[in-house]
Amino acid sequence: MTFAEARRSRSEDRRISPVFWVLLAVLGTSGWAVRSGYGNSGFGVFLFVVAGWMVSLCLHEYGHARTALHGGDISIGAKGYLTLNPLKYTNVLFSFVLPVVFVILGGIGLPGGAVYIERHRIQGRLKHSLISAAGPLVNVLFAGVLLTAVGAGWFADPDRLIEIGGRTWDLSPLPAALAYLAMFQVSAALLNLLPVPGLDGYGIVEPWLSPKVRRAVEPFAMYGMLAVFALLWQPQVNRFFFDVVYGITELFGVDRRVIGIGDYLFRFWSH
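Counting with numbering that gives the first Met the number 0, you get residues 0 to 270 for the letters of the sequence shown.
Written out as structure tokens, the structure is:
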């Protein structure tokens, strides 16, 4: 391969995928529709939140991949992880499809995760920890931007207030949709940062554990996420978890009732 061919190949490995551009187009179009009142606002909120969640999943995995590339794994580009194409993930079902299904049915930000990183190429425990932390930090940043926008009233529209059950709320649909999407980012970040095998939180602390501890934990890695969600099905644990989530959103001036209205609009098929 000539130098020019190698350079062209490297450029193609990092070119943003048409799939991601389509997701951005859906996000922007549905956001405009919700903002302008075009069509069914509930369906518009649904499209906006689902598209926004898909975009965040792509950016989450991109965070892992980009950090791994700078950490020493030069195979990342050839795998297509820098194109923001979710179809390039090692397991599309677990990293993309199921998180979207959980958002639609369960109302919780299921952590995805399926970029295969060749860890033997990376030297230094700190680099390994940073690679695992990069994904959740993307969700943290995403949530911070959304909550700041809603809390500051950047998208408030007094001419388009929401009416539910005969009561008019001092809130327009787009801020409610943004708050609901932000809730998923917060919940995903919190879950992913848990030091549980199979989640990014464990990936952060794993390099600092002794080989003996890592070998003992390894057989349970595939069950970590299942155990977390089994716990979340318990009413008391679920209530505590979402109290933490709403406590974080309220730090930005976004009340849980705003998120509840976003949830109401999102589930347009139920009313």
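Glycine included, C-beta positions come from ideal geometry on N, C-alpha and C.
At least 3 beta-carbon pairs within less than 8 Å: the stretch 96-108 vs the stretch 20-35: These segments do not touch.
Going along the chain, which residues of its own chain have a beta-carbon closer than 6 Å to the beta-carbon of E60, five neighbours each way excluded? Indexing the sequence shown from 1 puts residue 60 at position 61. Taken in chain order, the residues that qualify are V114.
Using DSSP's beta-bridge definition, name the partner residues of I163. Here residue 163 is taken as the residue at index 164 of the sequence shown, counted from 1. Under the DSSP definition of a beta bridge, I163 partners with R166.
Would you mind reading off the limits of the alpha helix (DSSP H) that contains V204? Looking up residue 204 in the sequence shown gives position 205. That run of the alpha helix (DSSP H) goes D199 to V204.
Kindly list the residues whose CB is nearer than 7 Å to the CB of L192, restricted to its own chain and excluding five residues on each side of it in sequence; keep chain order. The sequence position of residue 192 within the sequence shown is 193, counting from 1. Within the same chain, and ignoring the five residues on either side of L192 in sequence, the residues whose Cβ sits closer than 7 Å to its Cβ are P135, D199 and G200.
Here's a check: name, in chain order, each residue in its chain whose Cβ is nearer than 8 Å to the Cβ of V102, leaving out the five neighbours to either side. Here residue 102 corresponds to residue number 103 of the sequence shown, with the count starting at 1. The answer, listed in chain order, is V48, V49, W52, G108, L109 and F183.
N-terminal and C-terminal residue of the alpha helix (DSSP H) that P322 is part of: For the chain, the structure presents residues 0 to 270; residue 322 sits outside this window and is missing.
Here's a check: name, in chain order, each residue in its chain whose Cβ is nearer than 8 Å to the Cβ of G106, leaving out the five neighbours to either side. Numbered from its first residue, the sequence shown carries residue 106 at position 107. Excluding sequence neighbours, G106 sits near D262.
What three-state label does DSSP hand D262 in the structure shown? Working through the sequence shown from its first residue, we reach residue 262 at position 263. In the structure shown, D262 sits in a helix (DSSP, three-state: H, G or I).
contact_flag[the stretch 141-150, the stretch 235-251] where n(CB pairs < 8 Å) is 3 or more: Flag = yes, the stretch 141-150 and the stretch 235-251 touch.
Measuring straight from C-alpha to C-alpha, what distance separates I260 and A175? For the purposes of this step, residue 260 is identified with residue 261 of the sequence shown, where counting begins at 1. For the purposes of this step, residue 175 is identified with residue 176 of the sequence shown, where counting begins at 1. Taking the CA atoms as reference points, I260 sits about 6 Å from A175.
Where does W153 sit, in a helix, a strand or coil, going by DSSP? By one-based count along the sequence shown, residue 153 stands at place 154. W153: coil per DSSP, three-state reduction.
With DSSP run on the structure shown, which of helix, strand or coil describes N84? Reading the sequence shown from its first residue, position 85 is the one you call residue 84. N84: coil per DSSP, three-state reduction.
Among P172, D72, V257 and P85, nearest to S55 - alpha-carbon criterion: Numbered from 1 along the sequence shown, position 56 holds the residue referred to as residue 55. For the residues P172, D72, V257 and P85, the minimum Cα distance to S55 belongs to P85.
What is the rounded straight-line gap between the Cα of S8 and the Cα of G223? Here residue 8 refers to the residue found at position 9 of the sequence shown. Here residue 223 refers to the residue found at position 224 of the sequence shown. Note that S8 scores a pLDDT of 43, beneath 50, so its modelled location is shaky; the value from the coordinates is reported in the next line. Between S8 and G223, the C-alpha separation is close to 38 Å.
Buried or exposed by the 16-neighbour rule on C-beta atoms within 10 Å, applied to V236: For the purposes of this step, residue 236 is identified with residue 237 of the sequence shown, where counting begins at 1. The residue is exposed, with fewer than 16 neighbouring Cβ atoms inside 10 Å.
Helix or strand or just coil, what does DSSP make of S293? The structure shown has nothing for residue 293, since the chain only spans 0 to 270.
Helix, strand or coil at V195 [DSSP, three-state]: The residue labelled residue 195 in the question sits at position 196 within the sequence shown. DSSP places V195 in coil when its eight states are reduced to three.
How many Å lie between G44 and R238 at the Cα? Working through the sequence shown from its first residue, we reach residue 44 at position 45. Working through the sequence shown from its first residue, we reach residue 238 at position 239. In the sequence under discussion, the amino acid at residue 44 is Val, which differs from the Gly named in the question. One C-alpha to the other measures close to 25 Å.
Beta-carbon contacts of F42 that lie in its chain and below 6 Å, excluding the five residues immediately before and after: Within the sequence shown, numbered from 1, the residue matching residue 42 stands at position 43. Apart from sequence neighbours up to five positions away, the residues of its chain that approach F42 with a beta-carbon distance below 6 Å are F267, ordered along the chain.
Could you pull out every residue in the same chain whose Cβ sits closer than 7 Å to the Cβ of I15, ignoring the five residues on either side in sequence? Sequence index remark: in the sequence shown, residue 15 carries index 16 (1-based). The answer, listed in chain order, is T82 and L83.
In three-state DSSP terms, what is V212? To locate residue 212, count along the sequence shown from 1; it is residue 213. Here V212 sits in helix by DSSP.
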